[in-house]
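Colleague: Dropping the structure in here first, questions after.
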Amino acid sequence: MQSNSALDPETLDKVREFFSRGIPFNNFLGMEVVTFETGFARVRIPFRSEFVGDPFRPALHGGVVATLVDATGGAAVWSSLSIADRVSTIDIRVDYLRPGRLEEVIAEARVRRAGNRVGVAQIVAFHPSAPDDHIAEAMGVYSIRRETDGR
94 MQSNSALDPE
104 TLDKVREFFS
114 RGIPFNNFLG
124 MEVVTFETGF
134 ARVRIPFRSE
144 FVGDPFRPAL
154 HGGVVATLVD
164 ATGGAAVWSS
174 LSIADRVSTI
184 DIRVDYLRPG
194 RLEEVIAEAR
204 VRRAGNRVGV
214 AQIVAFHPSA
224 PDDHIAEAMG
234 VYSIRRETDG
244 R
């Protein structure tokens, strides 16, 4: 992983709280940052009946999984920057490997590269009851806007 700066532990804690409670959509979905350290994020989303996408199987909606992996990848990239920098998604590819069960889902993201303008994260999603059985694997590419960019 390449990184130009890193957040100190106290700032990481503030960003963790902001990610879960300060971003309205993440808060609405109930996302919670479990682990947040430089270049790595683990985020959980509790199961809710509204997350069912196929009531006949039943299985989680793929959009819930995609949202979780995208947010987790962005959080991991942000953890390797400064607090004032901003991250937004350029592209994400999600490969769905198996249906999500009606239970909590965890996503883990590791930064592969964080340059001056672009960050790349590798992300997996799984149930805590079966961490080796990935629901999805993803690669996210994120735009980095440095505080000094002025744009």
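Take 94 as the starting number for the sequence shown in the working numbering and just add one per residue.
The beta-carbon is built from N, C-alpha and C at its ideal position, and this holds for glycine as well.
(1) Tell me, please, whether the CB atom of Val162 is closer than 9 Å to any CB atom in chain D?
(2) Smallest Cα separation from Phe140: which of Val187, Val157, Ile176 and Pro102?
(3) In whole angstroms, what separates the C-alpha of Phe118 from that of Glu125?
(4) Out of curiosity, what's the CA-to-CA distance linking Thr241 and Ala200?
(5) Hey, quick one: how far does the alpha helix (DSSP H) through Phe118 stretch, first residue to last?
(6) Suppose contacts are defined by Cβ-Cβ distances below 9 Å. Is Leu174 in contact with Arg239 by that definition?
(7) I'd like the list of long-range same chain contacts for Pro224, defined as Cβ closer than 6 Å, with 5 residues on each side in sequence excluded.
(8) Among Thr128, Pro221, Gly233 and Gly155, which one has its Cα closest to the Cα of Arg206?
(9) Pick helix, strand or coil for Val108, following the three-state DSSP scheme.
(10) If you draw a straight line from the alpha carbon of Pro192 to that of Ala152, how long is it in whole angstroms?
(11) Beta carbon of Ala134, beta carbon of Ala168: below 9 Å?
(12) Please list, in chain order, all residues of the same chain as Ala202 whose beta carbon is under 6 Å from its beta carbon, the five residues on each side excluded.
(13) How close, in whole Å, do the beta carbons of Arg210 and Ser236 come, if the pair is a contact with beta carbons under 8 Å?
(14) Give every residue of the same chain whose Cβ lies closer than 7 Å to the Cβ of Glu130, excluding the five residues on either side of it in the sequence, and list them in chain order.
(15) Which runs of the beta strand (DSSP E) at least 3 residues long sit entirely within the stretch 182-244? Give them in chain order.
Modeller: Let me lay it out:
(1) Checking the listed chains, one finds no chain D in this structure; it contains a single protein chain.
(2) Per the Cα distances, Val157.
(3) Computed Cα separation, rounded: 12 Å.
(4) Within the model, the alpha-carbon separation for Thr241 versus Ala200 is close to 31 Å.
(5) Pro117 to Leu122 is the extent of the alpha helix (DSSP H) around Phe118.
(6) Contact flag set, yes.
(7) Here the set comprises nothing.
(8) Answer by Cα proximity: Gly233.
(9) Helix.
(10) Distance between the alpha carbons of Pro192 and Ala152 is about 6 Å.
(11) Contact: yes.
(12) So the list reads Ala134, Thr165, Gly166, Ala169, Ala214 and Ile216, once near-sequence residues are dropped.
(13) So it is a contact: roughly 7 Å between Cβ atoms.
(14) Counting only Cβ-Cβ distances below 7 Å, and skipping sequence neighbours, we find Leu105 and Ser172.
(15) Complete beta strand (DSSP E) runs here, min 3: 198-207, 211-219 and 229-238.
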